[in-house]
Amino acid sequence: MLKPIAGILLFGMWVGYLGHLFLGMTPWPAVVLAWGAALLLGPRLDKAARRQCLILYSAAGLLLLFCWMQGVQFTAAQLLQPNMDMVALFTAVSTLNLATSALAENEQSNWKGWRGLFSSLFGVSFLGAVINMSVLFVVGDRLAVNGTLERRQVIILNRIYCAAAYWSPFFIAMAVALAYAPGMQFSRILPFGLLAALGAMAITIWDVWRIGIHDFEGYPLRLQTLKLPILLSLAVLLGKWWWPDLSITGVIALMAPLISVLLMPKQQMGNALKRQVTERFPSMGSQVVLFLGAGLLAAGIHGLTQIWSPEILFAHVTHYGVFEASVVTLVILVIAYLGVHPIIMTSSLAPLLWHLHPDPSLLGMTFLFSWGLSTGATPLSGANLALIACFRVRAWNMLIWNLGYAIKEWVWLMALYALYVRCYL
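Residue numbers for the sequence shown follow our numbering, beginning at 175 and rising by one.
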């Protein structure tokens with residue numbers, strides 16, 4: 175009985191969050207409903223998810239307590255509102271199954287071998303560049319067997335989707351880079367961003383080939399399978415043009431359910447929508463609890479930066495070039511393994527680097543590359559938490575699978591920094 179109630183709360187949260195975005199309403203009704211659903215669903219998670227959430231909330235609680243004892247003050251908004259956009263996004267994209275189940279009825283099998291590999295790589299990269307995290311659910315739901323993905327599918331989804339942050343103007347990473355690297359020229363960094371993404375593809379192709387390519391099942395780029403992501407991409411582009419100040423996350427939170435209802439079978443539509451709210455929404459319990467807890471952890475990390483400034487890392491730096499850009503990327507990557515989102519480190523480090531008068535495009539490229547690498551390689555990024563929660567991937571496996579990738583891609587990014595300096599500085 176409690177699960178349907180939690181589903182209704184999540185539906186109300188989604189409506190309230192859209193009201194906040196599009197009508198200027200206070201976000202607190204959505205926040206209260208989201209936390210209410212988390213309280214109902216948390217105790218009913220499976221054993222592995224409960225253990226993971228217990229570790230996350232314990233770490234966040236201890237960190238917040240430590241910061242409070244050191245005199246750091248937190249507001250209710252800082253503690254309860256972070257990641258609300260992600261919870262609303264998950265609720266919205268979970269409706270995509272209404273459309274994917276209908277589109278899959280007459281489809282053939284997935285593509286296998288090299289054909290499936292390359293179709294997955296380019297499909298995830300270019301579709302993800304526009305529709306962002308929802309590509310993980312569109313492709314993941316198509317490839318999952320009994321609700322799980324195997325290693326090769328996971329590393330393609332997490333690495334290649336996150337690598338789109340290197341160059342895509344639709345990622346929040348680009349907005350952050352523009353904000354913290356004033357004067358950055360998109361036309362300058364675009365070729366290097368595409369080369370960075372190609373490097374991520376090359377490393378991933380090598381890893382998939384080593385594991386085994388012949389039995390690999392990838393996302394098929396047929397008209398039938400592309401119908402949903404293409405319509406969603408067009409809707410997102412239209413929404414972004416109509417509401418230019420709105421984040422891509424907010425646009426998708428509105429457009430994904432609309433597109434899903436448009437494409438779903440019209441027979442017994444009411445029953446399908448009822449099941450969506452009372453059954454499908456509550457099944458996202460691990461995502462809701464996980465991301466709200468991650469927001470608490472992020473608040474604690476932000477409080478920690480008020481106690482221990484990272485300024486000491488760059489106290490003796492007088493120039494910003496290839497070495498400095500590489501070190502910044504490595505610092506953001508290493509700290510991301512502790513669960514600190516790149517946006518926190520970017521906002522913390524940028525003021526410490528401005529006094530070096532860096533080339534704006536090199537600085538912006540550093541932030542973009544650091545974002546794409548750290549979110550793709552570390553298990554506590556939003557994209558990887560989504561894969562862990564939705565497709566029962568173990569966080570430890572995610573960590574081990576991507577360690578070699580992180581090192582190789584970081585070396586490739588260093589080479590691109592050197593190439594940029596040679597071309598423009």
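Even glycine gets a Cβ: it sits at the ideal position worked out from N, Cα and C.
For ASN306 and THR479, the rounded distance between their alpha carbons
The straight-line gap from Cα to Cα measures roughly 29 Å.
Who are the Cβ neighbours of GLY321 in its own chain at under 7 Å, not counting the five residues just before and after it?
By the criterion of a C-beta distance shorter than 7 Å, GLY321 is surrounded in its chain by PHE565 and ARG566, once the five residues flanking it on both sides are discounted.
Taking one C-beta from the stretch 293 to 309 and one from the stretch 505 to 514 each time, how about it: are there three or more such pairs within less than 8 Å?
Flag = no, the stretch 293 to 309 and the stretch 505 to 514 do not touch.
Do MET260 and THR423 have their beta-carbon atoms positioned less than 9 Å apart in this structure?
Judged by their CB atoms, THR423 and MET260 are nearer to each other than the 9 Å cut-off.
Three or more beta-carbon pairs under 8 Å between the stretch 321 to 335 and the stretch 415 to 422, yes or no?
Contact between the stretch 321 to 335 and the stretch 415 to 422 is absent: fewer than 3 CB-CB pairs across the two stretches fall below 8 Å.
Whole alpha helix (DSSP H) elements within the stretch 343 to 380, 4-residue minimum:
If one requires a minimum length of 4 residues, the alpha helix (DSSP H) runs lying completely within the stretch 343 to 380 are 346 to 354, in chain order.
Can you list, in chain order, the residues of its chain whose CB lies under 7 Å from that of PHE292, leaving out five sequence neighbours each side?
Contacts found: none.
Use the C-beta contact count for ARG596: other C-beta atoms within 10 angstroms, 16 or more gives buried, fewer gives exposed.
Residue burial annotation: ARG596 is exposed, with fewer than 16 other C-beta atoms found within 10 angstroms of its C-beta.
Quick check on the DSSP output: what are the complete alpha helix (DSSP H) runs of length 4 or more inside the stretch 487 to 562, in order along the chain?
Correct list: 496 to 510, 516 to 528 and 534 to 551.
Within a Cβ cutoff of 6 Å, which residues of the same chain sit near ALA347, ignoring the five residues on either side of it in sequence?
Excluding sequence neighbours, ALA347 sits near ALA339, LEU542 and TRP545.
Mark PRO553 as exposed unless 16 or more other C-beta atoms lie within 10 angstroms of its C-beta, in which case mark it buried.
PRO553 should be labelled buried.
Find the nearest neighbour of ASN571 within the set ARG325, ARG289 and GLY495, judged by alpha-carbon distance.
It is ARG325 whose Cα lies nearest to the Cα of ASN571.
Closest Cα partner of GLY550 within the set TYR335, ALA251, PRO203 and SER434
GLY550 has its Cα closest to that of TYR335, out of TYR335, ALA251, PRO203 and SER434.
Measure how close the beta-carbons of ALA468 and LEU559 come, nearest whole angstrom, since I'm counting them as under 8 Å.
Contact flag correct, Cβ pair sits at about 7 Å.
Just to confirm, are ARG362 and SER535 a CB contact at a threshold of 9 Å?
Yes, these two residues count as a Cβ contact at 9 Å.
Would you say MET258 and MET539 are within 9 Å of each other, going by their C-beta atoms?
In this structure, MET539 does not lie closer than 9 Å to MET258 by Cβ.
Determine the DSSP secondary structure at GLU324, reduced to helix, strand or coil.
GLU324 carries a coil assignment under DSSP once its states are collapsed to helix, strand and coil.
Please tell me whether GLY181 and PHE455 are closer than 9 Å, where the distance is taken between their beta carbons.
If you check the CB distance, GLY181 and PHE455 come in under 9 Å.
What are the boundary residues of the alpha helix (DSSP H) that includes GLU583?
GLU583 -> alpha helix (DSSP H) spans 569 to 598.
Who does VAL319 pair with in a DSSP beta bridge?
In the DSSP output, where bridge partners are listed per residue, VAL319 has THR322.
Backbone secondary structure at TRP415 - three-state DSSP
It is helical.
How big is the Cα-Cα spacing for ARG396 and LEU270?
Cα to Cα, the separation comes out at about 18 Å.
In the DSSP assignment, what residue or residues form a beta bridge with LYS286?
DSSP output for LYS286 lists GLU391 as bridge partner(s).
What residue range is occupied by the uninterrupted alpha helix (DSSP H) comprising TYR191?
Element bounds for TYR191: 176 to 197.
If we define contact as Cβ-Cβ less than 9 Å, is ARG224 a contact residue for chain E?
Considering every chain present, this structure includes no chain E. It has just one protein chain.
Fully enclosed by the stretch 254 to 278, which alpha helix (DSSP H) runs are 4 residues long or longer?
Fully enclosed alpha helix (DSSP H) runs of no fewer than 4 residues occupy 258 to 267 and 270 to 277 of the stretch 254 to 278, in order along the chain.
Under the three-state reduction of DSSP, which class applies to LYS440: helix, strand or coil?
Correct three-state label for LYS440: coil.
So, with DSSP's three-state summary, where would you put TRP482?
Reduced to three states, the DSSP call for TRP482 is coil.
SER293 by DSSP, collapsed to three states: which one?
In the three-state DSSP reduction, SER293 falls in the helix class (H, G or I).
Could you have a look at ASN306 and say whether DSSP puts it in helix, strand or coil?
Of the three classes helix, strand and coil, the one that applies to ASN306 here is coil, per DSSP.
Going straight from the alpha carbon of THR265 to that of VAL462, what length do you get?
Rounded to the nearest angstrom, the two C-alpha atoms are 9 Å apart.
Would you identify the three-state DSSP class for PHE240, choosing helix, strand or coil?
Note: PHE240 maps to helix in three-state DSSP.
Contact check, VAL304 vs PHE344 under 8 Å by CB: the rounded distance?
Right, the Cβ-Cβ distance comes to about 6 Å (below 8 Å), so this counts as a contact.
Meets three-Cβ-pair contact criterion under 8 Å: the stretch 202 to 221 and the stretch 438 to 449
With a cut-off of 8 Å, the stretch 438 to 449 and the stretch 202 to 221 do not count as touching, because too few Cβ pairs lie within range.
Which whole-angstrom value describes the C-beta separation of GLY413 and LEU428, a residue pair presumed to lie in contact below a C-beta threshold of 8 Å?
7 Å between Cβ atoms; contact.
If you compare alpha carbons, which of ALA409, THR249, TYR579 and TYR591 is closest to ASN332?
Cα-wise, what sits closest to ASN332 is TYR579.
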